[in-house]
Every structure is written in structure tokens, then in C-alpha cells.
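Asker: Okay, here's the structure, questions in a sec.
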Amino acid sequence: MDHVDHILIVDDDREIRELVSGYLQKNGLRTSVAADGRQMRSFLDANAVDLIVLDVMMPGDDGLVLCRELRSGRHKAIPILMLTARTDEMDRILGLEMGADDYLAKPFAARELLARIKAVLRRTRMLPPNLQISEAGQLLTFGEWRLDTVARHLLDKDGTAIALSGAEYRLLRVFIDHPQRVLNRDQLLSLTQGRDAELFDRSIDLLVSRLRQRLGDDAREPTYIKTVRSEGYVFSVPVEISEPRE
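Going by full-length UniProt numbering, the first residue of the sequence shown is number 1, and it counts up by one from there.
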């Protein structure tokens, strides 16, 4: 029997839950609904889902709190698409920084929501099984740099901390978790589990460029992140792993 994708819709607005659920069902998806974080947790404890549509503005634990909770717990691998009010730009950025895979501003067309859901599922499933981001706290050394995954600090050779945005940190983690492996742009989008507002509208090439600047990498003759024409990018230096400092 063919797998039917199961979508969990978490929204305190009953009308939105019913409208979205009905539309997705008509288009071949299986749906379940939850009105708040308590119902969401209870449902996930007993059921498997393929993607969560999560509203930001809800009473009690809002969508940002729930997104962070999901990403830090045993359901961290479930893709999340967040719904935000059009005026809440900061909520969109925070949601993506916390690990949401995509966002859609209200009011939205049901057809666009369906397209976004399918795109997120497609990106997630195109990854080879061995492309997984490690989660354990580590001190990762490469070239003249070290990344402390507990403190989330990028340290230069003198021990000076270099500030990274959430999107830059996630992209760097992807690269150093998969050294000497060519990753295309769709894989990078999926592995970083979320795109910031700038990355959503533009190419991931911009984020690579920003990360190269943080590492002092010359884009014309890069040492760390090399471009592979027509394929993507490769992190070309070896990585040493040790336990983080106390």
C-alpha cells in the first residue's frame, strides 16, 4: 500500500483547522488537528506524522516555543511549516532560527500551502540516508578555526569568538559534519532545517558568501568552502573532533 503523507495542523482557530484539513484531504493527504501545544504533544506521543503545520499566535505555549521544543526533543526530525501574521516579520525570522523548515504568512491561499508542504517533504526526502547532522556536543577543529557546538562559538587561532547568525551556524555545522563531500543547494537547504528571511528569497549562495567572509576565505581561491561547478559546494579541509571544554 502506498504511503499517504500525514500532516498535523496545530492552530487555535477552529475554522482554519477545518478549512486547511479539508483542502489537504481533498488533495490526497491525511490530516489530523490540534488546538494547542497540549493536544499536539498528546497526539505525537501516540502517532507518527510526516510534517507539522504550526501557527505562531496561540494561547499558552505559542508556536515559537513549540517549535523550539520539537527541535530539541525526540520529534526533532519532523519538518515544520510555520504560519505567521503578515506583520510579524520578527516571528518569521525567530521561527526559522529555531529550526522551522519554511513559513507562510496569513492570510494565505490553500493552494500555496499545499505547494509549500510538498516542497518541504520533497527536500527532506531527497537526502541520502547517511547525511545526518550530529547533535552531540563537540569541539570541531578545522584549519585555523574551532567550533564549540555547546557554546555555539566559532573561535579563531587566538581564541577570539566570531559571531555567527543562526543560519550561518547551521550551514557551517552541515559543512564540517560532511567534509570532502559535495552537497548541492537543495541538500544544503534541507540539512540546515530552515532558511532565514534573506535566504528564503535569494540563493543559498549568499549565505555561503557570508560564511566565507566569517572564515576569511577568498571566494576566488577558497581554502575551506570550494565551489564545484554545476554541482554545489564542498568543505575541503579535514575536521578533528574532541570533547568540548568544561
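We put the beta carbon where it would ideally sit given N, CA and C, even for glycine.
Where do the N-terminal and C-terminal ends of the beta strand (DSSP E) with GLU240 fall, by residue?
Answerer: What you label residue 240 is simply residue 240 of the sequence shown in a count that begins at 1. Looking at the DSSP string, the run of the beta strand (DSSP E) that includes GLU240 is 240-242.
Asker: Tell whether a beta-carbon distance below 8 Å holds between ALA56 and MET82.
Answerer: If you number the sequence shown from 1, residue 56 lands on position 56. If you number the sequence shown from 1, residue 82 lands on position 82. For the sequence presented, residue 56 should be read as Val rather than Ala. In contact: VAL56 and MET82 (Cβ atoms closer than 8 Å).
Asker: Taking the C-alpha atoms as reference points, what is the distance between GLY60 and SER230?
Answerer: Within the sequence shown, numbered from 1, the residue matching residue 60 stands at position 60. Within the sequence shown, numbered from 1, the residue matching residue 230 stands at position 230. The alpha-carbon atoms of GLY60 and SER230 are separated by roughly 47 Å.
Asker: Would you tell me roughly how many angstroms separate the C-alpha atoms of ASP201 and ASP45, rounded to the nearest one?
Answerer: On the sequence shown, position 201 is the one that residue 201 refers to. On the sequence shown, position 45 is the one that residue 45 refers to. Any answer about ASP201 is weak, because its pLDDT of 40 lies below 50 and its placement is not dependable; what the coordinates show is given next. Those two C-alpha atoms are separated by around 35 Å.
Asker: Exposed or buried, which one is GLU135 when buried takes at least 16 other CB atoms within 10 Å?
Answerer: Position 135 of the sequence shown, counted from the start, is the residue given in the question as residue 135. Low per-residue confidence applies at GLU135: pLDDT is 48, beneath 50, and the placement is therefore not dependable enough to give any value.
Asker: With DSSP run on the structure shown, which of helix, strand or coil describes ARG41?
Answerer: The sequence position of residue 41 within the sequence shown is 41, counting from 1. ARG41 falls in the helix class under three-state DSSP.
Asker: Among residues of its own chain, excluding the 5 on either side of PRO79, which ones have a beta-carbon nearer than 6 Å to its beta-carbon?
Answerer: Residue 79 sits at position 79 when you count from the first residue of the sequence shown. Excluding positions up to five away in sequence, the list reads LEU51, ASP101, VAL120 and THR124.
Asker: Look at the Cβ atom of LEU155, then the Cβ atom of LEU164, and state whether they are nearer than 8 Å.
Answerer: The residue labelled residue 155 in the question sits at position 155 within the sequence shown. The residue labelled residue 164 in the question sits at position 164 within the sequence shown. Cβ distance not < 8 Å, so LEU155 and LEU164 don't count as in contact.
Asker: In three-state terms, what does DSSP make of GLY22?
Answerer: Translated into positions along the sequence shown, residue 22 becomes position 22. In this structure, GLY22 counts as helix in the three-state DSSP scheme.
Asker: Got a sec? Which residues, its chain only, sit under 6 Å from PRO179 by beta carbon, not counting five neighbours each side?
Answerer: Here residue 179 refers to the residue found at position 179 when the sequence shown is read from its first residue. Here the set comprises PHE235 and VAL239.
Asker: Across which residues does DSSP place ARG30 in a beta bridge pair?
Answerer: Residue 30 sits at position 30 when you count from the first residue of the sequence shown. In DSSP, ARG30 forms a bridge with HIS6.
Asker: Closest to VAL33 by C-alpha separation, out of ILE7, ALA110 and ARG152, would be which residue?
Answerer: Position 33 of the sequence shown holds residue 33. Minimum Cα distance to VAL33 is reached at ILE7.
Asker: For the alpha helix (DSSP H) holding LEU216, just list the boundary residues, first then last.
Answerer: By one-based count along the sequence shown, residue 216 stands at place 216. For the record, residue 216 in the displayed sequence is Gly; it is not Leu. From DSSP, GLY216 is part of no alpha helix (DSSP H); its letter is neither H nor E.
Asker: Within the continuous alpha helix (DSSP H) that includes PHE175, where are the two ends?
Answerer: Counting from one through the sequence shown, the residue named residue 175 turns up at place 175. Start and end: 166-177.
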